[in-house]
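Trainee: This is the structure, below, for whatever I ask next.
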Amino acid sequence: QKSWWEKVKEFLFGSISSQLPIEPGQENAPAQPAQETNPKPEPSQTKIPSEPAQSSLKAIAPENPENPAETISNPQPPEGGGIQEKISKPEIPSEITEKKFKPFAPPQSTPESPVILAAAKNTENEEEPEESVSTSTPPSQPKISIYLSDYSITSRQFTVNWHSSSTDVLTFDVERKISSGNWQNWLASTTATSTLFEVPQDKTVYYFRARPTNNVGLSGDWQEVEAPIYFYPVVINEIAWAGTGTSTKARNDEWMELYNKSDYPVNLSGWLIVEGKDSTTTVVALQGQIDAHDYYLIERTDDKTISDIIADLAKSFGGSGLSNSGESLRLVDKQNQIIDIVDCSGGWLAGSAAPDYRSMERVNPYLAFDVLGNWQSNSSSTRNGSNIDGQPINGTPRAQNSAFNLEFFYLYPAEDTTATSTKLKWTPSYINNFKEYKIVRSFDAGFNAASTTIVAATTTTNFFDESLESETTYYYKLSACDLSDYCVSSNIASTTTSEFPFSWAEPQIISEFSTSTTVYMPDIILVSDGTPAIIWGSSTSTETRYVKFSKKSSDDTWSESINISQDLGGYEMQVLGKDNRLEVLHSAWGNKEGGGIYFDVFSVRSENGVWQPPQNISQEGTNNSWAAGTIDSAMTTHIVWQGLSQSSSSPFYSKAIFYRAVDSSGLFLGMPEEIPGSINGFSPNIIVDSQNKLYVFWSGCTPPYCDEIFYSINNLDGSGWSEGQMIFDGKFESTISGRPQILLDENNQFLLAWQQRSYEIAVTKFDGLASTTEKTIFSKANKQASTPSLIVNNFKKPYVFWSHGSDTGGGIYFSWQKQNGQWQEIKTALEKSQPIMWARAVIDLNNIAHLVWGNDHLEIYYTYGKIE
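Put into structure tokens, the structure is as follows:
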């Protein structure tokens, strides 16, 4: 049975059993219509447009074209001077979407009949709302139009307008996006009907859309408009500044050609070509339109200048025409913005007057006018059109230039060159299917293979080369390569680096006379954290001898020295290091039972900062000295030294080279062994290469001269040491004194340095395959060279440091091997008024060289300085 309320509702509204319930007070609510969800298709992506019928020019939308905002420097013509001018412009972007469009017009003045452009349905996917039952007719969706004002393709700013003919609109939503990106909110629920848009970047298509919302909350469809932007779409492409022929009329028949390099037609109404630095004289006022990738021909006075080609514009040229001595021309748009410049105020860059009357042609329209080589004279073989006398024109009006070459690009002169770096910049290349630029550097202007290298590959148009050497001339060129590795080359640019600004810290005294009576041969090393540490021999009496150790602190001071050798005083020392291990090798002497003295080789090892007791590496009493070592990848220490040979019968030359290994735990790996073929050898050195092979080098004697260097190899495969082989023979002229210094360079070739008895430093290279007698000599007049250090910097560049001394003073000097294989002239680290000896050096990862040395005042000094 129905209640009284149900009976009343049935009487008033009829049966509602099949309808949704209606809440009291909502009977007249309008139904919410579902929004349409068909999105507007996005514009097509960039592609190579087809060429105009008159031309075979391949139109390529440039990724990063040049434009007049660069500093424009007119190259010097044969008789002319130059002019430079800066033009402010926004940054050029990389890409523009291709889409043909028609100019936009604002809506009609009558609000009821607006012009609606580029209408699109709502692009948002929304669920349909539930339908509500209503007895009233819902209001219609509000309508909207959107349009641009003060807009052109070259605009830096313009106004976006929107308008609704509906009378019940309360607010608008406005969004924008860039190219194929996502829509972003710009103005939400605004009552405004326009806003100013400042263009942030060139070569971009901007999209705007708006929708209205009325007083009952209904929103209309989104309406959309696009605004392609190309700040510099048109260039002055060809100029016949001398006319077209020998007759009086032909000589005055000047003409110019514009080219539209963009994907859009450009309205030229209000544009001007002006002359003069201040753009004070109008040459010609333009009109009409230039289509995408098309030409625009301007003839002086009348359309008979080129008798068989119709001009786009024919009128008198202001300023008495084009001067044969040159002009500075500007192409400006209706907002007086400079679109292109051809500054030939110092003389035309190409073209000619009598007898050929050839036009001046732009090679690559996508590059700025001031790019050297981007203007050439017409070839006289590729031509188009006839002059008023019916003679062929040496030019290509309304056709592709004879000099046209999209592959042409230009490397600018190097900038901001220092001792170790330079900046390169170049124009884009428009080679098809571009992949990358290869930056080619050489020491030789002819780029011969031995001096040339590819230093980098990039897709940008600039590069900072910071791997240069001081006081060196470099030559650069670029290769623009496509996906199939077809490459085209740029021009060549060169630069010369300056002298490196070496600077050395004030020397610090590490040990002085008040704490010792003698000092011996310091050595220096970088510990695991990169901090320098120093060892040296010290004694306070003939019976008390030590090896001292000190480490530099973070506050630039040195720790108090400690004795690490007990009472086994050291000389002929070397310090090794790897990871958290330090190892000091030194010689020590003592008194033999029954008289005489003996020499032995000791090792003192530190693990994680804790020094262990010394170990005697050699056989006691066999006159051992000059120990050297290296640590391999397994943390095994390999030690060599000179001792008395067990096989020599010579009473005078009985020395040989011995070897012994100590494992990571400090245990000996076998007894000392004599290296085959090392008789009469002394002062050895040892190194391990990247393949874990051991190489020993030593000085050798063939009585009565000691002027040879030998080597032996141990592959660590159980086969032992190879027979010693001579790699350098001084031919009785280069008597060797002291231990040969060795290192492996970046090409895995050995460099050796040693002191000659003529008080010179000699350096030679050895590739492990053949002997060599070539060497580089370093010497200073009236000074005695000694104790070279051969080391590499962070860039694998070999350096040699040594001391030069005399009775009146001494110094530390150095040189390095340059990338071209030559050694730099001698540089000075320091000079003192006292003798300097035993100089040693290391280089850290920051290219800081650390030096230690001694003097005849029984002092140990230290300094450091930045090297290149």
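Under my numbering, residues 1421 to 2288 are what the sequence shown spells out, in order.
Each residue gets a CB set at the ideal place from its N, CA and C atoms; glycine is no exception.
Please read these numbers as outputs of a predicted model, since none were measured by experiment.
#1: Please list, in chain order, all residues of the same chain as A1877 whose beta carbon is under 8 angstroms from its beta carbon, the five residues on each side excluded.
#2: Counting along the chain, where does the alpha helix (DSSP H) carrying A1670 start and finish?
#3: Between the stretch 2047-2059 and the stretch 2000-2007, can you find at least three pairs of beta-carbon atoms closer than 8 angstroms?
#4: Would you report the Cα separation of L1692 and S1585, rounded to the nearest angstrom?
#5: Going straight from the alpha carbon of Q1796 to that of F1578, what length do you get?
#6: Can you give, in chain order, each stretch of the beta strand (DSSP E) that sits fully within the stretch 2044-2084 and has at least 3 residues?
#7: For E1980, collect the residues of the same chain with a Cβ closer than 8 angstroms to its Cβ; drop the 5 residues on either side in sequence, then sort them by chain order.
#8: What do you get for N1581, buried or exposed, if any count of 16 or more other CB atoms within 10 angstroms of its CB means buried?
#9: Is any heavy atom in the ligand ADP found nearer than 7 angstroms to the beta carbon of S1822?
#10: Hey, S2038 and P2092: beta-carbon distance below 8 angstroms or not?
#11: Using a 10 Å radius around the Cβ and a threshold of 16 neighbouring Cβ atoms, would you call T2207 buried or exposed?
#12: Consult DSSP for L2259 and reduce its assignment to one of helix, strand or coil.
#13: Could you please give the first and the last residue of the uninterrupted beta strand (DSSP E) stretch that includes M1993?
#14: Could you pull the DSSP bridge partners for F1617 from this structure?
#15: Have a look at K2203, V2212 and E2143 and flag the residue whose alpha-carbon is nearest the alpha-carbon of Q2169.
#16: Going straight from the alpha carbon of T1466 to that of R1782, what length do you get?
#17: Secondary structure at S1586, three-state DSSP: helix, strand or coil?
#18: Taking the C-alpha atoms as reference points, what is the distance between A1834 and R1818?
#19: Would you tell me roughly how many angstroms separate the C-alpha atoms of L1769 and Y1895, rounded to the nearest one?
#20: Put S1871 into one of helix, strand or coil per three-state DSSP.
#21: Would P1653 pass as a contact of N1680 if the rule is Cβ separation under 8 angstroms?
#22: For the beta strand (DSSP E) holding P1605, just list the boundary residues, first then last.
#23: Let me know if V1686 comes out buried or exposed under the rule of 16 or more other beta-carbons within 10 Å of its beta-carbon.
#24: Give the list of continuous beta strand (DSSP E) stretches no shorter than 3 residues that lie fully inside the stretch 1699-1784.
#25: With a CB to CB cut of under 6 angstroms and the five nearest residues on each side skipped, what residues in its chain are close to T1725?
#26: Looking at C-alpha atoms only, which residue of E2251, K2247, I2232 and H2277 is the closest neighbour of P1921?
#27: Leaving out five residues on either side along the sequence, give the residues of the same chain with a beta carbon under 6 angstroms from the beta carbon of S1736.
#28: What does the alpha-carbon distance come out to for the pair I2268 and T2283?
#29: Quick one, which of Y1626, T1838 and P2160 has its alpha-carbon nearest T1893's?
#30: Can you grab the Cα-Cα spacing for the pair S1822 / P1562, in whole Å?
#31: Expressed to the nearest angstrom, what Euclidean distance is found between the alpha-carbon atoms of S1801 and N1814?
#32: Output the distance between the C-alpha atoms of S1985 and E2027, rounded to the nearest integer angstrom.
#33: So, does the stretch 1699-1718 touch the stretch 1840-1853, judging by three or more C-beta pairs under 8 angstroms?
#34: Which stretch, first to last residue, makes up the beta strand (DSSP E) that contains Q2204?
#35: Taking contact to mean 3 or more Cβ pairs, one atom from each stretch, closer than 8 angstroms, check whether the stretch 1585-1594 and the stretch 1603-1616 are in contact.
#36: Do R2260 and I2051 have their C-beta atoms within less than 8 angstroms of each other?
Mentor: To lay it out plainly:
#1: Here the set comprises E1856, Y1857, K1858 and I1859.
#2: Counting along the chain, the alpha helix (DSSP H) containing A1670 begins and ends at T1668 to N1672.
#3: Yes: the two stretches touch, three or more of their Cβ pairs being nearer than 8 angstroms.
#4: For L1692 and S1585, the distance between alpha carbons rounds to 39 angstroms.
#5: About 38 angstroms.
#6: Runs found: 2045-2051, 2057-2064 and 2075-2082.
#7: S1970.
#8: Answer is buried; the Cβ neighbour count reaches 16.
#9: For the ligand ADP, the structure offers nothing, since it holds no ligand at all.
#10: Contact: yes.
#11: Buried, by the Cβ-count rule.
#12: Note that residue 2259 is Ala in the sequence shown, not Leu. Under the three-state reduction of DSSP, A2259 is assigned to strand.
#13: Y1991 to K1998 is the span of the beta strand (DSSP E), which, as asked, contains M1993.
#14: The partner list for F1617 (beta bridge, DSSP) reads F1578.
#15: Looking at the Cα atoms, V2212 is the closest of the given residues.
#16: Residue confidence is low: T1466 scores 35 on pLDDT, short of 50, so the model does not pin down where it sits. No coordinate-derived value is stated.
#17: Coil, per DSSP.
#18: Each residue's Cα considered, the two are about 37 angstroms apart.
#19: If you take the alpha carbons of L1769 and Y1895, they lie about 26 angstroms apart.
#20: S1871 falls in the helix class under three-state DSSP.
#21: Yes; because the gap between Cβ atoms is below 8 angstroms, this pair is in contact.
#22: Residue identity differs from the one stated: residue 1605 is Asn in this sequence, not Pro. Segment Q1604 to T1610, the beta strand (DSSP E) holding N1605.
#23: Label assigned to V1686: buried.
#24: Taking only runs of at least 3 residues, the beta strand (DSSP E) segments lying wholly in the stretch 1699-1784 are 1701-1705, 1715-1720, 1733-1735, 1748-1752, 1758-1763 and 1780-1782.
#25: These residues qualify, in order along the chain: D1673, W1675 and E1719.
#26: Residue K2247 is the option with its Cα nearest to P1921.
#27: Cβ contact annotation for S1736 (same chain, cutoff 6 angstroms, sequence separation greater than five): T1721, in chain order.
#28: When the Cα atoms are used, I2268 and T2283 turn out to be separated by approximately 10 angstroms.
#29: Closest in C-alpha terms to T1893, from the list Y1626, T1838 and P2160, comes T1838.
#30: Taking the straight line from one Cα to the other gives about 58 angstroms.
#31: Near 8 angstroms, if we compare the C-alpha coordinates of N1814 and S1801.
#32: If I take the Cα positions, the gap works out to 15 angstroms.
#33: Output reads no: the stretch 1840-1853 does not touch the stretch 1699-1718.
#34: Unbroken beta strand (DSSP E) run through Q2204: Q2204 to V2212.
#35: Yes, the stretch 1585-1594 touches the stretch 1603-1616.
#36: Result no, Cβ atoms of R2260 and I2051 do not sit closer than 8 angstroms.
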